[in-house]
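If you're matching positions, the sequence shown starts at 1 in the working numbering and goes up one per residue. Report on the structure given below.
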Amino acid sequence: MSYKDKSLDDWNTNDLLKYMEDRHRELFNCGYQPFGSWQMERGMIGRAFGTTKRSGDYPKIVIKAFVDYCFNNFKPNDKYKGVSFGFIFTYQKNVLQVIEEKYNRKQADKKKVDQFSKKEDKKELASWFNS
Numbered sequence: 001m002s003y004k005d006k007s008l009d010d011w012n013t014n015d016l017l018k019y020m021e022d023r024h025r026e027l028f029n030c031g032y033q034p035f036g037s038w039q040m041e042r043g044m045i046g047r048a049f050g051t052t053k054r055s056g057d058y059p060k061i062v063i064k065a066f067v068d069y070c071f072n073n074f075k076p077n078d079k080y081k082g083v084s085f086g087f088i089f090t091y092q093k094n095v096l097q098v099i100e101e102k103y104n105r106k107q108a109d110k111k112k113v114d115q116f117s118k119k120e121d122k123k124e125l126a127s128w129f130n131s
């Protein structure tokens with residue numbers, strides 16, 4: 001099954017690699033190449049994104065947003081026609097930090113709203129029983 005047919009939560013290293021290969025060809029009109037070796041590239045992706053056996057160091061949505069941002073903002077030149085995960089993960093961690101911080105803030109805000117909603121539900125129930 002293709003990554004296109006799966007939810008992001010069900011993606012694995014191979015799905016992210018295929019996604020990056022497709023985006024790379026679309027944006028840069030050339031094949032995707034690993035940063036160093038394929039083994040090194042897969043290892044970096046597996047640690048950050050997760051594998052079928054192990055959760056990644058970051059939520060999958062954060063890594064995909066990081067890849068999308070970096071790919072969309074990369075400007076090819078004569079020396080570097082494309083970009084790889086290993087490169088962006090090594091040299092653009094500041095971008096990853098910004099995305100991760102925004103994600104964490106959004107999750108914290110969502111948690112506060114959920115807690116507030118539960119308190120409001122209790123108040124509403126209490127007023128309903130007391131009436």
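Just so you know, even glycine gets a beta-carbon here, dropped at the ideal spot from N, CA and C.
**Asked** Which two residues bound the contiguous alpha helix (DSSP H) that contains Tyr167?
**Response** With the chain represented from 1 up to 131, any question about residue 167 goes unanswered, as that position is not in the structure.
**Closest Cα partner of Phe85 within the set Phe71, Asp78, Lys75 and Phe28** = Numbered from its first residue, the sequence shown carries residue 85 at position 85. Ranked by how close their Cα comes to the Cα of Phe85, the residues Phe71, Asp78, Lys75 and Phe28 have Phe71 in first place.
**Prompt:** If you check the beta carbons only, do Leu134 and Lys60 fall under 7 Å apart?
**Reply:** Examination of residue 134 is not possible in this model, given that the chain is present from 1 through 131 alone.
**Message:** Using the three-state DSSP reduction, which class does Gly50 fall into: helix, strand or coil?
**Reply:** Looking up residue 50 in the sequence shown gives position 50. Secondary structure at Gly50: strand, using DSSP grouped into helix, strand and coil.
**Item:** Spatial distance of Asp57 from Lys79 (CA atoms)
**Value:** Taking the sequence shown and counting its residues from 1, the one referred to as residue 57 is at position 57. Taking the sequence shown and counting its residues from 1, the one referred to as residue 79 is at position 79. If you take the alpha carbons of Asp57 and Lys79, they lie about 31 Å apart.
**Message:** Here's the rule: buried if 16 or more other CB atoms are within 10 angstroms of the residue's CB, otherwise exposed. What is Trp38?
**Reply:** The residue you call residue 38 lines up with position 38 of the sequence shown. Trp38 comes out exposed.
**Message:** Given this structure, state the Cα-to-Cα distance separating Gln92 from Asn77, to the nearest angstrom.
**Reply:** Taking the first residue of the sequence shown as 1, we reach residue 92 at position 92. Taking the first residue of the sequence shown as 1, we reach residue 77 at position 77. C-alpha separation (whole angstroms): 18 Å.
**Prompt:** Going by DSSP, what residues sit across from Ser55 in a beta bridge?
**Reply:** If you number the sequence shown from 1, residue 55 lands on position 55. Paired residue(s): Gly50.
**Request:** State buried or exposed for Gly31, treating a residue as buried only when at least 16 other CB atoms are found within 10 Å of its CB.
**Result:** Residue mapping note: residue 31 aligns to position 31 of the sequence shown, counting from 1. Taking a 10 Å sphere around the C-beta of Gly31, we find fewer than 16 other C-beta atoms and assign the residue as exposed.
**Asked** In whole angstroms, what is the alpha-carbon distance linking Val62 and Val98?
**Response** Your numbering for residue 62 matches position 62 in the sequence shown. Your numbering for residue 98 matches position 98 in the sequence shown. Each residue's Cα considered, the two are about 10 Å apart.
**Message:** Tell me which residues share the same chain as Ile88 and place their Cβ nearer than 6 Å to its Cβ, disregarding the 5 neighbours each side in the sequence.
**Reply:** On the sequence shown, residue 88 is found 88 positions in, with the first residue counted as 1. So the list reads Cys70, once near-sequence residues are dropped.
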